[in-house]
Each structure stands twice: as C-alpha cells, then as structure tokens.
Amino acid sequence: MLLEIKIKKISFLVYLAFVFFTFAWNVLIILAPYLASLGGEWSEISGLLYKFFSPYCHQEDSRSFHIFGEKFGVCSRCTFIYTGFFSGTVIFPFLRGFNKKELPSLWLLLVPSFILFADFLLDALNILKNSFLTRSITGFLVGAVLPFYIIPGTIIFTEELYSYFKNYKNAGKSK
0 MLLEIKIKKI SFLVYLAFVF FTFAWNVLII LAPYLASLGG EWSEISGLLY KFFSPYCHQE
60 DSRSFHIFGE KFGVCSRCTF IYTGFFSGTV IFPFLRGFNK KELPSLWLLL VPSFILFADF
120 LLDALNILKN SFLTRSITGF LVGAVLPFYI IPGTIIFTEE LYSYFKNYKN AGKSK
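With numbering that gives the first Met the number 0 as the guide, the letters of the sequence shown map in order to residues 0 to 174.
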C-alpha cells in the first residue's frame, strides 16, 4: 500500500516536472526577443538564449514569428511544436490520468508526423509552398501528441528506477 502511494506520488512529480520544464522552455523562446529588444547587456543574455536554441532549430528569420521587433528563439514550426507539447502536457492527466501507462496507438503519432513531413517535403521540392499557418498547425499537432508517449515512458522509467533502488537498499539491510 505504501509503495503504491509512493509510485503515484512519483508519477505526479514526473508530470509536474514536465509541466515546469515545458513551460520554462516556451517562456525562454519569447524571452530571447524581449531581452534583445532591451539592448545593452540584455542583448548578450538574449544572444545566449538564441545560441542555446540554435542546435534545435534553424532559426531562419523569414520563417519565424517576431515580437518586440525581434524574432522568436525558434522558427514558427518549432514554436508550435513546443507550444503543442506544453498544451499536450497540460491536458495529459485529464485524458489519460497518471496510472494508465499504456501508450496510445502509434497511428496517433504517425499521422501528424506524416502530415508535418509532407508539408516540409512539398515545400522543399517546390511543389507547394508552406506557410506560417501550415507550419504552425503541423508543428502543433505533432507537439500535442508527443507527451502521450513521452510522459508515460518517463513515468515507467522513473518508477522502475525507484523500485530498483528501493530493492537495492532493502537487500543491503538484510545482510
């Protein structure tokens, strides 16, 4: 009984960590242009934020939203992947709860991913130009479904880790 309560607490803490980190990640995306707009020493911090996001996004100016006269920390598609991820994270417990750890059908992930890839490919091959709207929608769709795969996996991993160390600790006491 006590172990079951601790496992539920672990699930909730993992979920809260996801909410916190995805919220912070999204704030940093908007903080980069805000700090750049302030100028001076704030521009240096802004530059560090842009540099932080550069391995994850091309940050192309023409494909990025702008605020405060500066581009976001990531492009429009990435902005909505991260916004979608945060949204999916927030609604996760209302749709799945914390104790249901089975993953949804893989189709739920593959269909939005295929649509995103098709949007990218049609543009790359100059067949059909994508737009801020198509990049935003496809990014949001993929981002919104990802938590339904990543959060349960992380909860399972964390619970297994907890059980392992709990058993390891108890094995040491019995010697």
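Beta carbons: idealized from backbone N, C-alpha and C, even for Gly. As the structure is a prediction and not an experimental result, all values here were calculated from the model.
The alpha helix (DSSP H) with R134 in it runs from where to where? Note, R134: alpha helix (DSSP H), 131-144.
For the region 35-66, list the alpha helix (DSSP H) runs that are entirely contained and at least 4 residues long, ordered along the chain. With a minimum length of 4 residues, the continuous alpha helix (DSSP H) runs that stay inside the region 35-66 are 40-52.
Answer yes or no: do F67 and S42 have a C-beta to C-beta separation smaller than 8 Å? No; because the gap between Cβ atoms is not below 8 Å, this pair is not in contact.
Report, in whole angstroms, the separation of the C-beta atoms of F146 and F91, which I expect to be a contact under 8 Å. According to the sequence provided, residue 146 is Pro. The question's Phe does not apply to it. Rounded, the Cβ-Cβ distance is 5 Å, consistent with contact.
Would the region 107-122 and the region 40-59 be scored as touching if the rule is three or more Cβ pairs under 8 Å? Because the criterion of three Cβ pairs below 8 Å is not met, the region 107-122 and the region 40-59 do not touch.
Between S63 and Y81, what straight-line distance do the alpha-carbon atoms span, to the nearest angstrom? Cα to Cα, the separation comes out at about 14 Å.
Of the listed residues R134, V144, L107, nearest to L121 (C-alpha basis): Taking the Cα of L121 as reference, the smallest distance to any Cα among R134, V144, L107 is reached at R134.
Start and end of the alpha helix (DSSP H) containing C77? Per DSSP, C77 belongs to the alpha helix (DSSP H) from 75-94.
CB contact flag (F22, F85, <8 Å): In contact: F22 and F85 (Cβ atoms closer than 8 Å).
Closer than 8 Å is the cut-off here; do at least three beta carbon pairs connect the region 24-31 with the region 157-167? The answer is no - the region 157-167 does not touch the region 24-31, with fewer than three Cβ pairs under 8 Å.
Spatial distance of V144 from C77 (CA atoms): In a straight line, the C-alpha of V144 is about 14 Å away from that of C77.
What span of residues does the alpha helix (DSSP H) with F113 cover, start to end? It spans 106-123 - the alpha helix (DSSP H) in which F113 sits, taken as one unbroken run.
Can you tell which of H65, F139, V73, G39 has its C-alpha closest to the C-alpha of L48? The shortest Cα separation from L48 among H65, F139, V73, G39 belongs to V73.
Could you give the DSSP three-state label for E159: helix, strand or coil? In the structure shown, E159 sits in a helix (DSSP, three-state: H, G or I).
Sequence-distant residues of the same chain with beta carbon closer than 6 Å to T137, five excluded per side: In its chain, beyond the 5 residues on either side, I114, L115, D118 have a beta carbon closer than 6 Å to the beta carbon of T137.
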